[in-house]
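S.K.:
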Amino acid sequence: MKYLLDTHAFLWSIANTKELSKNVIKAIKNPDNEIYVSSVSLWEIAIKTRIGKLEITGTSIDELPSIIEKLDYSQISLTVEDAIGYANQKEATHKDPFDKMLIWQCMSRNMTMISKDTEFSKFKPFGLKLLW
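Take the sequence shown: its letter number 109 is residue 110 in the working numbering, and every next letter is one higher.
This is how it looks when you write it as structure tokens:
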């Protein structure tokens, strides 16, 4: 299966915190699964660390690409098609533009989103698959 990590799930996965559910840990550790991180998450982390809304402990933003590679996660880049799809996305009331783009990327690539965010369930009727 293909899974896309929401930004908080990605950060928790690299910090080895106890925040991840057993189901998520099992999915991440299963060698048959493909785990993805979006450039949108890295952009969100960069913006939030720069404005002081997020602090990354134990690493720096400069090290995130090598950590992604070390953990054997794959990367998804933001494309023009993603931007157009985002603009045409069926609306569910969720105000976070980063989350909405991650949701679009996940749905358009037929992946399952790994997220604890309860707001994401509003997108299930539109085809979002969730794991937590």
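Ideal Cβ positions, reconstructed from N, Cα and C, are used throughout, including at glycine.
Give me the residue from Ile46, Thr8 and Glu70 with the minimum Cα distance to Ser61.
M.R.: Per the Cα distances, Ile46.
S.K.: Report the option in Ile69, Lys123 and Asp63 whose CA atom is closest to the CA atom of Lys101.
M.R.: Selected option, being the one with the closest Cα: Lys123.
S.K.: My output table needs one value for Tyr74: the three-state DSSP class, helix, strand or coil.
M.R.: The answer is coil: DSSP assigns Tyr74 none of H, G, I, E or B.
S.K.: Hey, Ala10 and Gly59 are a contact pair by Cβ (cut 8 Å); roughly how many whole angstroms apart?
M.R.: In fact, because the Cβ distance is near 16 Å, the residues do not count as touching under 8 Å.
S.K.: Would you grab the beta carbon distance between Ile115 and Leu132 for me? Rounded to a whole angstrom, and I think it's under 8 Å.
M.R.: 5 Å between Cβ atoms; contact.
S.K.: Is Leu79 near Val41, with beta carbons less than 8 Å apart?
M.R.: Contact flag set, yes.
S.K.: Just to confirm before moving on: does the CB-CB distance between Gln106 and Leu5 stay below 8 Å?
M.R.: Their beta carbons are under 8 Å apart, which means Gln106 touches Leu5 by this criterion.
S.K.: Could you name the residues that DSSP lists as bridge partners for Thr113?
M.R.: Partner(s): Tyr4 and Lys130.
S.K.: Could you tell me which whole beta strand (DSSP E) segments of length 3 or greater appear in the region 45-70?
M.R.: Within the region 45-70, no complete beta strand (DSSP E) run reaches 3 residues.
S.K.: If you measure between the beta carbons of Met2 and Asn34, is that distance less than 8 Å?
M.R.: Yes, they are a contact pair.
S.K.: Taking the alpha-carbon of Ile29 as reference, which of Ala88, Leu72, Arg110 and Arg51 has the nearest alpha-carbon?
M.R.: The shortest Cα separation from Ile29 among Ala88, Leu72, Arg110 and Arg51 belongs to Leu72.
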